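Have a look at the structure below, then the notes.
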Ligand SMILES: [Zn+2]
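Residue numbers (our numbering): 12 to 371.
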């Protein structure tokens, strides 16, 4: 990363330090243009290779742009040279312009990249030092490490990959060159890559159960278990969202019920004896979302509506819109939301958003 840019800039610097002047083809109306013309001439004269990177690839366009502000000494210097260009028909970039404007800009960019590479190297060695686990694969050593409180995988090349949390458990492949599930499975079978789940990685990264629950599920173990118990009581297994129904073709539709948005939900009986139900809602003027809920018994309209309320409440707690725990606005007693007496999830949600314990 940035090594190519640094290499190119250093080569350009070496070439320019040797030149007494560079004759360019067109009037350079700004700094960016000056670089463009100089590099073009050097290429045409065979002093730079034909595939030499462009000013954009080298990051020279941005450094030129940054100096194109009134007040910069370097820019004032450039304006003096520019006036000289205006008076001539031939455009000669002389030694003085090279030394006073072009080389300082190149040096500035070289320092910038060198600093980036250095700080990146320091960060990588720091991450390696604090790795919680190492994985040896045929592609080299991978590290499970924590960056800004998040578990990440550090590759042998020094790239970092964030491991997304739950709620679903998903496989993670370590030591696979690119995102390709079939190849990943094959390499894992041959022992050349490691197959693990995001949940297992979070458990390694956060050995304290409370911290693990907070990081992986976005809530305490107590809250997580409460939701699991409620959803299980409804016969709920899992859900998917998307632009289509998550039900295979040919699965038998066995009925319909009213969905939580006032439309109609389709009920399917799956080959394994479980049920899937699908319904949609508009999320925007021209967008919509389709829910597919899976149950171990045939759901009713009430089941659907309560499931959706639970999932929404869980998300609101997870992303911090609603608190897990609060001090009741009336009695001041600290209350965990699972302790609030309620007749429906919708009512419970009201009490939480009002910070009311419903016991005083
Ligand atoms: Zn109270």
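All residues carry an ideal CB built from backbone N, CA and C; glycine is no exception. It should be emphasised that the depicted structure is a prediction, and the values quoted were computed from it without experimental measurement.
* Asked: Under a three-way DSSP split, which group does residue 345 fall into?
  -> strand
* Can you pull every residue whose C-beta falls closer than 6 Å to some heavy atom of ligand 1, listed in chain order? -> Ordered along the chain, the selected set is 339, 341, 342, 344, 368, 370 and 371.
* **Meets three-Cβ-pair contact criterion under 8 Å: the region 180–200 and the region 144–164** => yes
* **residue 60 beta carbon less than 7 Å from that of residue 33** => no
* Coil, strand or helix - residue 135 by DSSP -> helix
* To do: From the DSSP output, in three-state form, read off residue 61 for me.
  => coil
* Local conformation of residue 353 per DSSP, three classes -> coil
* Would you mind working out which of 306, 40 and 293 sits nearest residue 284, comparing C-alpha positions? => 306
* What's the gap between the Cα of residue 330 and the Cα of residue 78? -> 43 Å
* Cα-Cα separation between residue 265 and residue 287, rounded to whole angstroms -> Looking at the backbone, the Cα of residue 265 and that of residue 287 are separated by about 10 Å.
* Buried or exposed (CB count within 10 angstroms, at least 16 for buried), residue 218 -> With fewer than 16 Cβ atoms within 10 Å of its Cβ, residue 218 is classed as exposed.
* Asked: Among 103, 221 and 94, which one has its Cα closest to the Cα of residue 30?
  -> 103
* Could I get the ranges of all uninterrupted beta strand (DSSP E) runs contained in the region 69–157, with 3 residues as the minimum, in chain order? => Runs found: 102–105 and 144–148.
* **DSSP-derived helix/strand/coil call for residue 236** => In this structure, residue 236 counts as helix in the three-state DSSP scheme.
* **Extent of the continuous alpha helix (DSSP H) to which residue 314 belongs** => 312–329
* Rounded distance between the beta-carbons of residue 335 and residue 347, thought under 8 Å -> 6 Å
* To do: Specify whether the region 236–251 and the region 307–326 touch according to this definition: at least 3 beta carbon pairs, one from each stretch, less than 8 Å apart.
  => Contact between the region 236–251 and the region 307–326 is present, with at least three C-beta pairs closer than 8 Å.
* Near residue 41, what residues of its chain come up, given a Cβ to Cβ distance below 7 Å and the 5 sequence neighbours on each side ignored? -> 79
* To do: Using a threshold of 7 Å, state whether the C-beta atoms of residue 124 and residue 139 are closer than that.
  => no
* Buried versus exposed call for residue 43 [16 or more other C-beta atoms within 10 Å across all chains shown] -> buried
* Along the beta strand (DSSP E) that carries residue 286, what are the first and last residues, could you check? => 286–295
* To do: Kindly indicate which residue of 128, 258 and 20 has the alpha-carbon position closest to the one of residue 281.
  => 258
* Pick out whichever of 278, 321 and 87 has its Cα sitting closest to the Cα of residue 359. => Nearest option by C-alpha distance: 321.
* Asked: What do you get for residue 176, buried or exposed, if any count of 16 or more other CB atoms within 10 angstroms of its CB means buried?
  -> buried
* Asked: Are residue 317 and residue 356 close, meaning C-beta to C-beta below 7 Å?
  -> yes
* **Buried or exposed (CB count within 10 angstroms, at least 16 for buried), residue 19** => buried
* Extent of the continuous beta strand (DSSP E) to which residue 31 belongs -> First-last for residue 31: undefined, no H or E at that position.
* Count the other C-beta atoms from every protein chain shown that fall within 10 angstroms of the C-beta of residue 90, then say buried if there are 16 or more, exposed otherwise. => exposed
* Is the Cβ-Cβ distance between residue 254 and residue 349 less than 7 Å? -> no
* Asked: Sorted by chain position, which residues of the same chain lie with C-beta nearer than 6 Å to residue 108's C-beta, five sequence neighbours on each side aside?
  -> Excluding sequence neighbours, residue 108 sits near 92.
* Buried versus exposed, by CB contacts within 10 Å (16 or more), residue 244 -> exposed
* If residue 69 and residue 28 are in contact, beta carbons under 8 Å, what's the gap, nearest whole angstrom? -> Taking the Cβ atoms as the reference, residue 69 lies roughly 17 Å from residue 28, outside the contact range of under 8 Å.
* To do: Can you grab the Cα-Cα spacing for the pair residue 162 / residue 326, in whole Å?
  => 21 Å
* **Segment limits, beta strand (DSSP E) that includes residue 38** => Taken as a continuous stretch (DSSP letters only), residue 38 belongs to no beta strand (DSSP E), as it is neither H nor E.
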